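J.:
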């Protein structure tokens, strides 16, 4: 099962942001899976909250109990549920299409 990282966007360094933003297709094809997970986490958490919730709704990852969670706990749960449900590829697609510079491929997709 993939590891899920808890990243506080405000706590990321400028270097981390620059590295995540400047990956190319050649770079991402050669990256180990851990980098893909970090990119997905970073890209999802840098979206506006309304987009994050829209993605979670689209993938049916939200429950009524989530209303009581802090944002940090909510996002942790969303990533756990997506991984457990085999939805990381869809989470990647939904996240990337909301960015101006989407990745050229989905590393979580097993076959096309």
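Numbering (the numbering used here), first residue to last: 200 to 311.
All C-beta atoms, glycine included, are put in the ideal place defined by N, C-alpha and C.
Since the model is a prediction, treat every value here as computed from it, not as a measurement.
1. Assuming residue 235 and residue 307 are in contact, meaning their beta carbons sit under 8 Å apart, how far apart are those beta carbons, in whole angstroms?
2. Which residue wins for smallest C-alpha separation from residue 300, given the options 246, 232, 233?
3. I believe residue 294 touches residue 233 by the beta-carbon criterion, under 8 Å. Please report the beta-carbon distance rounded to the nearest angstrom.
4. Kindly give me the distance between the Cβ atoms of residue 281 and residue 258, rounded to whole angstroms, as I take these residues to be in contact under 8 Å.
5. If I measure Cβ to Cβ from residue 290 and keep anything under 6 Å in the same chain, skipping five residues before and after, which residues do I get?
T.: Well, looking at it:
1. Stepping through the chain shown from its first residue, residue 235 is reached at position 36. Stepping through the chain shown from its first residue, residue 307 is reached at position 108. Yes, they are in contact, since the Cβ atoms of residue 235 and residue 307 sit about 7 Å apart, within 8 Å.
2. Numbered from 1 along the chain shown, position 101 holds the residue referred to as residue 300. The residue with the shortest Cα to Cα distance from residue 300 is 246.
3. Counting from one through the chain shown, the residue named residue 294 turns up at place 95. Counting from one through the chain shown, the residue named residue 233 turns up at place 34. Incorrect: roughly 17 Å between the Cβ atoms, too far for contact.
4. Here residue 281 refers to the residue found at position 82 when the chain shown is read from its first residue. Here residue 258 refers to the residue found at position 59 when the chain shown is read from its first residue. That pair is a contact at about 7 Å.
5. By one-based count along the chain shown, residue 290 stands at place 91. Cβ neighbours of residue 290 beyond the five flanking positions: 281.
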